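Just below is one structure, and these are the notes that go with it.
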Amino acid sequence: MGCICSKEFWANYKPLDHDHVGSKLVAANDASESTSFLDLDIREDRQLLPICETVSRIQDTNLNASVKLSNEQCVLSYGTKEGVMRSAALGVSELKGRRIWVTFEEKSRSEQEEILQYLYMNWQDLQQDSSVVEALKETKFVTGADGDLHKPKHLFDPADELLTSVFSGDVHKFPGERFISDEWLNILRKTGLQNTMDANVVLECARRVEFLGAGSMKHVVGVVDNDSRDFSETTNEVSAEIWSLAETLINVVLERFAFLYSHNFCNIFGKIACIPAEFGFPFESGKKGVKRVLCSYSEAVLLKDWPLAWTIAPILTTESLVPPEYSWGALQLSSPPPFTTVLKHLKVEVWCSDSVFLYSEEACYEVLSYLDTTWDTLSSSDISELRDVSFIPVGNTTQFVNCSSLFYHLKIDIRPLAFELPLRYLPFVRILEELGLYETLSISSAMMLLSFLHNSCRHHRLGPNELRAVIEILHFLYNEITERQNPDRSDWESLLVIPDDSCRLAQPNSCVYIDAYGSWYVKHIDTSKLRFVHHDVSERLCLTFGIRKLCDVVVEELDHAAHFQTLDGIWSIALTAIRLKLLNRSFQVAIFSVLNSVFSSTSDSDTPDFQSVQRSLEYVAQRLQFVQCVYTRFWLLPKSLDITCLSKEVMIPEWGNRSSHCALYYVDRSRTCMLISEPPSYVPVLDLVALVVSQVLGSPVPLPIGSLFLCPQDSETALIDILRLSYDERVMGGVGPGTSFIGRDVIPQDAMQVHLTLLRPYHKGEIVAWQGQNEEKLKYGRIPEDVRASAGEALYRFNLETSPGKSETIISSRVFWFGNFSIGRRSSTQLMPQDDTCFEQPDGSGRVKLSNQRQAIIELEHTSVLNEEFAQAVEEMLCGAGISLDTEMQSLIQTTLSLHEQLKESQAAILLEQEKSDMATKEAEMAKLALLCRICLTNVTDITIVPCGHVLCLGCSSAVSHCPFCRVQLLSTIKIYWS
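Counting from 0, one number per residue, gives the positions in the sequence shown under numbering that gives the first Met the number 0.
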């Protein structure tokens with residue numbers, strides 16, 4: 000072995016003794032530390048032998064000189080032609096502590112060419128020497144596409160399609176044109192050229208794809224940390240080219256996964272965002288809301304797990320991109336996803352696409368199934384967070400609510416505040432109860448619902464549906480309280496709220512209700528100083544819940560600044576005659592009969608007994624006075640605020656302009672003072688007397704008893720029968736509380752809450768707004784049954800209760816729904832899908848299979864909206880938006896409708912043909928099964944047994960001596976040929 004010296008050394012070389020040669024080598028080394036290798040001529044190989052001996056001798060001396068030879072350094076066997084090849088490699092020789100560097104790139108172009116040519120021509124022999132191969136691995140002898148020299152291990156194989164695709168823009172990563180031939184590529188592969196069989200190269204490809212994907216989206220989402228990527232904030236998507244490139248990468252990785260698999264590789268690869276996935280609802284119609292993204296396996300979810308994370312996590316919609324299941328743990332791919340991901344997904348309020356509501360029940364079922372399997376692993380804080388999440392679809396999928404709005408049994412309809420648990424979710428009652436599901440409606444749960452609604456709507460108005468539900472709850476509370484003996488009001492009284500006259504919730508002690516006594520002067524006071532309860536809250540509810548009467552907070556008193564003059568009679572009516580009539584028993588019996596009829600039909604209060612009526616009439620006879628004028632004022636208690644409202648217009652001309660409030664009669668609160676003033680000539684005095692008597696008796700309405708004061712004695716009972724003043728208890732119409740406005744015009748405050756959504760479903764009992772064919776005003780209506788659009792219909796008809804007890808068929812474009820407040824629930828505010836057929840679970844390809852095609856055919860044949868009605872509805876909606884239709888646009892609408900009809904007919908025909916095809920396929924399968932051997936159930940029968948005639952396959956017939964069916968001795972067999 001020996002070293003290679005510089006050209007200068009060989010030029011001055013003369014035969015010397017060994018010691019002289021050694022000193023020359025040292026001198027040459029001292030002269031320059033950068034002396035390059037000598038490009039030896041093969042013909043001079045014979046001159047190397049003395050040098051070899053000299054070097055060996057130097058090593059044996061005590062000069063402390065040595066030559067280190069290794070694979071990283073240039074090793075040259077003198078006397079062989081491989082020495083020229085080895086001189087091409089970078090080498091280091093040490094002599095007396097100094098280094099001599101010799102590199103291939105420092106040689107001249109011609110010298111490099113000679114070496115490369117020699118390598119190319121003699122590779123078959125050179126590759127047998129491992130030291131040559133190892134030296135070439137560390138030598139920069141390959142010219143890259145960028146023109147620089149590189150080591151083979153720093154370049155990629157240009158024949159590898161994945162590498163050329165991923166690094167197409169990095170020319171310095173590949174060999175130059177000279178080295179792309181098959182022969183050179185074989186040499187480079189042997190000396191370290193990289194390809195995707197190396198796990199590190201695959202990881203580099205993955206990082207490159209991640210970089211390209213992030214670069215195409217960074218102008219939208221910015222720089223995103225891989226550990227905290229939020230796909231819900233993504234508003235853009237990667238290009239189709241990069242997405243396809245990532246798909247190619249994953250296909251290659253999975254093809255070679257058995258070779259690449261290792262814990263280290265999977266741990267790194269699972270965190271690189273190079274996996275092509277789709278973000279958004281996976282079954283979105285037309286993929287309008289779905290975005291192409293790149294993610295890591297640790298961020299993605301499988302298609303079968305879409306109900307658990309589709310709003311926040313990318314979905315692997317293609318089965319070919321899913322790695323083998325044994326590697327999921329190493330790749331950090333979770334199926335199902337962790338609870339934190341599922342919880343975050345359920346909190347996202349983006350359930351608002353055309354297709355989501357069709358799958359909402361299926362998605363909720365999957366979520367509940369997931370919770371059922373992981374329930375024992377959840378912490379108390381996890382369960383507490385889950386209680387506040389609204390993810391359960393109810394009310395014909397019009398709303399999403401949390402479990403605190405669900406009841407196992409709900410006897411009254413209080414939607415949209417609470418719903419009965421859908422039957423589909425009964426298997427999960429155990430976990431639903433822990434999340435807040437109630438068994439039945441109780442006082443505490445009813446108060447909870449009212450409290451939630453109060454906190455949600457604050458000072459806003461209730462919608463018609465919410466108002467109806469609140470009235471229903473108040474009636475329920477009344478029934479519960481009255482059925483109990485000495486009920487404890489402390490548990491619920493502080494939480495109780497009631498609707499006021501503006502449909503806003505308020506505390507009962509802040510409102511007043513208009514009682515019979517107070518209703519007679521309510522128009523003479525400033526009502527802005529008071530807050531009235533809603534008129535649908537009955538008097539018995541007000542009394543039960545402690546709501547004050549108007550007469551308890553507002554009092555009418557005589558104006559002491561004005562003086563009044565008493566009279567013995569007014570015109571021909573003497574006060575004495577009135578008093579005698581009031582004390583007559585026959586008159587008292589007649590008054591009691593009339594009062595009893597009035598109370599039984601118009602008031603929730605109990606009818607007073609005859610003795611009470613008799614005492615009241617006697618009291619009136621004692622206290623009644625006739626006066627010339629009566630002046631009163633109204634005072635608001637307890638602040639004694641004067642709220643008298645003086646009319647600016649003269650109501651009675653005879654009174655003229657007066658500065659005080661004039662009254663025709665007056666009865667004080669203690670009923671110690673009863674005055675009747677002298678009325679105008681056209682007001683009967685006896686009617687005023689009847690009003691005073693009615694007020695003292697507490698009648699909710701004025702009693703029509705004026706004529707009884709003039710009739711002969713003992714004829715009062717006969718007169719009330721003739722006048723039909725006494726009647727039996729009336730049966731009111733069958734309208735529930737809170738629905739008395741059905742058929743009336745929508746008030747302006749409610750009109751601000753209406754929404755038009757043509758394909759939105761409606762639930763039974765829901766109050767809506769509707770518009771007649773030739774009417775402009777909206778009216779209240781009620782949905783009698785659950786309805787939703789039929790398959791393929793843009794508009795549809797359904798029955799609507801337009802007035803109490805009366806229903807009409809209305810087109811969906813004329814029906815509007817009222818928005819609800821969010822009290823732990825979400826409302827459906829978007830269009831429902833046009834296709835309402837039943838769906839099964841998605842298959843592996845990401846498609847959804849239709850089930851029950853016959854049902855779809857029936858739905859297509861459902862009575863639909865006529866083309867003329869459809870065109871008219873479109874024109875009305877556009878005109879309402881300020882868009883006019885010209886002749887051309889109208890023609891386009893008609894053409895579109897015609898094509899739509901043809902499409903429906905074609906769909907029906909396709910479904911019929913598909914059904915026929917399925918039937919034929921089933922018949923063929925049945926026929927094929929009939930030909931199978933009944934013994935092995937694998938092979939086709941082709942042998943007949945003689946004499947019984949039973950058939951078997953060849954394998955089974957050769958194994959038996961008796962017929963396996965009838966046990967007859969087998970005599971012979973006959974071959975069967977099926978055509």
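Every residue, glycine too, gets a C-beta built ideally from N, C-alpha and C.
In this text, all values refer to a predicted model and were calculated from it rather than measured experimentally.
Check: L495 C-beta below 7 Å from any heavy atom of the ligand ATP = Of ligands this structure carries none, so the ligand ATP is not represented either.
key: Which residues DSSP lists as bridging D181, in chain order   = DSSP output for D181 lists no bridge partner at all.
query = Who are the Cβ neighbours of M446 in its own chain at under 6 Å, not counting the five residues just before and after it?
reply = W491, L494
query = R668 to M751, Cα distance in whole Å?
reply = 43 Å
query = When DSSP labels each residue in this structure, what does N194 get in the three-state scheme?
reply = coil
request  = State the beta-bridge partners of D499 as determined by DSSP.
outcome  = V532
request  = Under 7 Å Cβ to Cβ from S571, same chain only, skipping five residues before and after it: list those, please.
outcome  = none
ask   = If we count Cβ pairs, one from each stretch, closer than 8 Å, do we get three or more for the segment 304 to 311 versus the segment 358 to 367?
value = yes
ask   = Are I944 and K974 closer than 8 Å when you measure CB to CB?
value = no
key: Exposed unless 16 or more other CB atoms sit within 10 angstroms - verdict on C837   = The predicted position of C837 is uncertain, since its pLDDT is 34 and thus under 50; a value taken from the coordinates is nonetheless stated next. Exposed, since its Cβ has fewer than 16 Cβ neighbours within 10 Å.
request  = Could you check if Y520 is buried or exposed, using at least 16 other CB atoms within 10 Å of its CB as the buried criterion?
outcome  = buried
ask   = Are the segment 258 to 271 and the segment 185 to 193 touching by the rule of at least three beta carbon pairs closer than 8 Å?
value = no
query = What number of angstroms, rounded off, separates the C-alpha of I497 from the C-alpha of W816?
reply = 24 Å
F210 classed as buried or exposed, judged by whether at least 16 other C-beta atoms fall within 10 angstroms = exposed
request  = May I have the straight-line CA-CA distance separating R488 from K548, to the nearest angstrom?
outcome  = 20 Å
query = Unbroken alpha helix (DSSP H) runs of length 4 or more, entirely within the segment 336 to 370: which are they?
reply = 338 to 346
task = Measure from the alpha carbon of L466 to the alpha carbon of each residue in S326, L370, F740, then state which is nearest.
result = F740
query = Assuming L405 contacts L420 under a Cβ cut-off of 8 Å, what Cβ separation, rounded to an integer in Å, is found between them?
reply = 5 Å
inquiry  = Given this structure, state the Cα-to-Cα distance separating P174 from A213, to the nearest angstrom.
reply    = 28 Å
query = In the structure shown, what three-state DSSP assignment does N121 receive?
reply = coil
key: Given 8 Å, three or more beta-carbon pairs between the segment 507 to 515 and the segment 467 to 481   = no
key: Candidates R584, S916, S592, of which the one nearest P711 by Cα   = R584
Residues bridged to H754 (per DSSP) = W816
message = Tell me which residues share the same chain as R503 and place their Cβ nearer than 8 Å to its Cβ, disregarding the 5 neighbours each side in the sequence.
response = C456, H458, H459, R460, L461
key: Element boundaries [beta strand (DSSP E), containing R781]   = 777 to 781
query = Do the CB positions of L154 and N194 come within less than 8 Å of each other?
reply = no
request  = Measure the alpha-carbon distance for L431 versus L367 and round it to whole angstroms.
outcome  = 9 Å
message = Once DSSP output is grouped into helix, strand and coil, what is the label at K580?
response = helix
request  = Below 7 Å CB to CB, which residues in the same chain sit around P701 once its five sequence neighbours on both sides are set aside?
outcome  = A689, L690, S693
request  = Would you mind sorting L722 into buried or exposed? The rule is 16 or more other CB atoms within 10 Å of its CB.
outcome  = exposed
ask   = Do you know whose CA, among L636, F591, F625, lies nearest R614's CA?
value = F591
ask   = To which residues of the same chain is D500 closer than 6 Å at the C-beta, ignoring the five residues directly before and after it?
value = F531, H533
DSSP-derived helix/strand/coil call for C628 = coil
query = Which residues bound the beta strand (DSSP E) around I934?
reply = First-last for I934: undefined, no H or E at that position.
Own chain, CB closer than 6 Å to H408, minus 5 neighbours either side, in chain order = T439
task = Tell whether a beta-carbon distance below 8 Å holds between E384 and L422.
result = no
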